[in-house]
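Colleague: Last residue of the sequence shown: 906 (the numbering used here), numbering continuous. By construction, the Cβ of each residue, glycine as well, lies at the ideal position given by its N, Cα and C atoms. Below are the structure tokens for one structure; questions will follow.
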Amino acid sequence: MHSIADLPNNYHCHRNFYKAIWGDCTCSHCGSRKLKFKDNYEYCPDCKHKSSVKAETIFRSSNLTYKRIYVLIWSWQQKIGIGDIVKLTGMSYPTVERWLERLRAALAPSDVVLEDIVEIDGSFFGRLKYGKQKLVAGAINPGNKQIVLEVVTARDSEAVETFVNAHIKPGSLIRTDALASYNSWSLDGYDHERCDHAAGFYGITNHIENLWSVMKRALRHIYRDLTFPLRQLNLILREWENRYNHPELFYNVDSYLKLRGCSKFVY
Numbered sequence: 640m641h642s643i644a645d646l647p648n649n650y651h652c653h654r655n656f657y658k659a660i661w662g663d664c665t666c667s668h669c670g671s672r673k674l675k676f677k678d679n680y681e682y683c684p685d686c687k688h689k690s691s692v693k694a695e696t697i698f699r700s701s702n703l704t705y706k707r708i709y710v711l712i713w714s715w716q717q718k719i720g721i722g723d724i725v726k727l728t729g730m731s732y733p734t735v736e737r738w739l740e741r742l743r744a745a746l747a748p749s750d751v752v753l754e755d756i757v758e759i760d761g762s763f764f765g766r767l768k769y770g771k772q773k774l775v776a777g778a779i780n781p782g783n784k785q786i787v788l789e790v791v792t793a794r795d796s797e798a799v800e801t802f803v804n805a806h807i808k809p810g811s812l813i814r815t816d817a818l819a820s821y822n823s824w825s826l827d828g829y830d831h832e833r834c835d836h837a838a839g840f841y842g843i844t845n846h847i848e849n850l851w852s853v854m855k856r857a858l859r860h861i862y863r864d865l866t867f868p869l870r871q872l873n874l875i876l877r878e879w880e881n882r883y884n885h886p887e888l889f890y891n892v893d894s895y896l897k898l899r900g901c902s903k904f905v906y
């Protein structure tokens, strides 16, 4: 689906939703192929079983139509701003925000361990005023584009070592800028290359710098401000890890529903 005009009507959204969760359009109770799709439930004329596929997903107990669910997920996948999602779905701004959090929470936390060549950098999110600014550590393998993102409490050598040991395989070549904390860490098991941004050298950290640029530009379009509560920021980072590490989740609405629609990671 390349545009919202390509989304099917509510009936076909319902069928597609059911098929994404159960694999086909047969009755989940008896296997009958005569399953009927009503507005918000499914009915099997053979075994008289009535159910709602939403009950097996993060949309349980919601009164969203299937068309509206598809519009919501598609808009999120396309990184559309919340104001525009409000117009497209007819939901309130707070309601859209809550659903975006649920969609992110259904994604699996990253278990990626980077190796070979890895670029590392830190970036601040939010306003320094009132102590709302948060530091995010990021790492990317420029070869396969796998990434790791994590909120950290400090920018010292101990925090860097903890991040590296948790997410980067020993024997890898780590590339960073010339921040002092990178120079003083213990490099047991890692090779290290540095470039001095202050002197105008950026070449070996281009990929991680580009990641920050792409990510912040998209988030400003969605939220206008990069100041987030810690839980929300952690879920946003989880989303972006999945966008890079598991892009198949963002191909279309059905791919997300099939892989994460009934996820155990729902909060």
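Taking the alpha-carbon of residue 766 as reference, which of 865, 735 and 707 has the nearest alpha-carbon?
Modeller: Counting from 1 along the sequence shown, the entry for residue 766 is found at position 127. It is 865 whose Cα lies nearest to the Cα of residue 766.
Colleague: Which partner residues of residue 690 appear in the DSSP bridge assignment?
Modeller: Residue mapping note: residue 690 aligns to position 51 of the sequence shown, counting from 1. 681, per the DSSP bridge assignment.
Colleague: CB residue 756 to CB residue 780, shorter than 8 Å?
Modeller: Stepping through the sequence shown from its first residue, residue 756 is reached at position 117. Stepping through the sequence shown from its first residue, residue 780 is reached at position 141. Closer than 8 Å, so yes.
Colleague: With a Cβ-Cβ cutoff of 8 Å, do residue 718 and residue 861 count as a contact?
Modeller: Here residue 718 refers to the residue found at position 79 when the sequence shown is read from its first residue. Here residue 861 refers to the residue found at position 222 when the sequence shown is read from its first residue. Contact: yes.
Colleague: Starting from the C-beta of residue 831, find all residues in its chain whose C-beta is less than 6 Å away, skip the five residues before and the five after it, and write them out in chain order.
Modeller: As a first step, residue 831 is located in the sequence shown; it is residue number 192 there, counting from the start. So the list reads 813, once near-sequence residues are dropped.
Colleague: Excluding the five sequence neighbours on either side, which residues of its own chain have a C-beta within less than 6 Å of the C-beta of residue 705, listed in chain order?
Modeller: On the sequence shown, residue 705 is found 66 positions in, with the first residue counted as 1. Contacts found: 649, 652, 653 and 656.
Colleague: Does the Cβ of residue 678 have 16 or more other Cβ atoms within 10 Å, making it buried, or fewer, making it exposed?
Modeller: Residue numbering aside, residue 678 sits at position 39 when the sequence shown is read from its first letter. By the 10 Å Cβ count, residue 678 comes out exposed.
Colleague: Using a Cβ-Cβ cutoff of less than 6 Å, which residues in the same chain neighbour residue 776 once the five nearest sequence positions on both sides are dropped?
Modeller: As a position in the sequence shown, residue 776 is number 137, starting the count at 1. For residue 776, where only same-chain residues beyond five positions count, the Cβ hits under 6 Å are 761, 789, 791 and 802.
Colleague: Determine the direct distance from the alpha carbon of residue 710 to that of residue 645, and round the result to whole angstroms.
Modeller: The sequence position of residue 645 within the sequence shown is 6, counting from 1. The sequence position of residue 710 within the sequence shown is 71, counting from 1. Roughly 10 Å separates the two Cα atoms.
Colleague: Under 8 Å, do residue 874 and residue 740 count as touching if we go by C-beta distance?
Modeller: Along the sequence shown, one-based indexing puts residue 874 at 235. Along the sequence shown, one-based indexing puts residue 740 at 101. Yes, the pair counts as a contact, with Cβ atoms nearer than the cut-off.
Colleague: Any idea if residue 887 is buried or exposed, counting beta-carbon neighbours within 10 angstroms, 16 or more meaning buried?
Modeller: Taking the first residue of the sequence shown as 1, we reach residue 887 at position 248. So residue 887 counts as exposed.
Colleague: Distance, Cα to Cα, residue 795 vs residue 815?
Modeller: Against the sequence shown, residue 795 aligns to sequence position 156. Against the sequence shown, residue 815 aligns to sequence position 176. Distance between the alpha carbons of residue 795 and residue 815: 14 Å.
Colleague: Are residue 833 and residue 817 touching if we call contact CB-CB under 8 Å?
Modeller: In the sequence shown, counting from the first residue as 1, residue 833 sits at position 194. In the sequence shown, counting from the first residue as 1, residue 817 sits at position 178. The answer is yes: Cβ separation under 8 Å.
Colleague: Please list the terminal residues of the continuous alpha helix (DSSP H) segment that includes residue 907.
Modeller: In the structure as shown, the chain starts at 640 and stops at 906, and residue 907 therefore has no counterpart that could be examined.
Colleague: With a threshold of 6 Å on Cβ separation, who are the neighbours of residue 699 within its own chain once the five nearest residues in sequence on each side are excluded?
Modeller: For the purposes of this step, residue 699 is taken as the residue at position 60 of the sequence shown. Hits under 6 Å: 693.
Colleague: Under 8 Å between the Cβ atoms of residue 752 and residue 807?
Modeller: Locating residue 752 in the sequence shown gives position 113, counting from the first residue. Locating residue 807 in the sequence shown gives position 168, counting from the first residue. In this structure, residue 807 lies closer than 8 Å to residue 752 by Cβ.
Colleague: On a Cα-Cα basis, can you pick out the residue from 738, 689, 744 and 686 that is closest to residue 879?
Modeller: What you label residue 879 is simply residue 240 of the sequence shown in a count that begins at 1. Here the closest residue by C-alpha is 744.
Colleague: Can you check the region 729–817 for any beta strand (DSSP E) of at least 3 residues that lies completely inside it and give the ranges in chain order?
Modeller: Whole beta strand (DSSP E) segments, 3+ residues: 756–764, 773–779, 786–791 and 812–816.
Colleague: Apart from the five residues just before and just after residue 685, which ones in its own chain have a Cβ nearer than 8 Å to its Cβ?
Modeller: Looking up residue 685 in the sequence shown gives position 46. Cβ within range, chain order: 666, 669, 671 and 673.
Colleague: What whole-angstrom Cβ distance do residue 726 and residue 869 have, given they're in contact under 8 Å?
Modeller: Sequence index remark: in the sequence shown, residue 726 carries index 87 (1-based). Sequence index remark: in the sequence shown, residue 869 carries index 230 (1-based). Contact flag wrong, Cβ pair sits at about 29 Å.
Colleague: By a C-beta neighbour count over all protein chains shown, 10 Å radius and 16 as the cutoff for buried, is residue 759 buried or exposed?
Modeller: Along the sequence shown, one-based indexing puts residue 759 at 120. Label assigned to residue 759: buried.
Colleague: Leaving aside the five residues before and after residue 894 along the sequence, list all residues of the same chain whose C-beta is less than 7 Å from its C-beta, in chain order.
Modeller: Here residue 894 refers to the residue found at position 255 when the sequence shown is read from its first residue. Taken in chain order, the residues that qualify are 887 and 888.
Colleague: Under DSSP, the alpha helix (DSSP H) around residue 893 begins and ends at which residues?
Modeller: Residue mapping note: residue 893 aligns to position 254 of the sequence shown, counting from 1. 892–899 is the span of the alpha helix (DSSP H), which, as asked, contains residue 893.
Colleague: When we look at the beta-carbon of residue 763 and count the other beta-carbons within 10 Å, is it buried (16 or more) or exposed?
Modeller: Here residue 763 is taken as the residue at index 124 of the sequence shown, counted from 1. It is exposed - the Cβ of residue 763 has fewer than 16 other Cβ atoms within 10 Å.
Colleague: Is it right to say residue 731 is buried, meaning 16 or more other beta carbons lie within 10 angstroms of its own, or is it exposed?
Modeller: As a working note, residue 731 is residue 92 in the sequence shown. Flag for residue 731 reads exposed.
Colleague: Please state whether DSSP places residue 663 in a helix, a strand or coil.
Modeller: The residue you call residue 663 lines up with position 24 of the sequence shown. Three-state DSSP puts residue 663 in coil, outside helix and strand.
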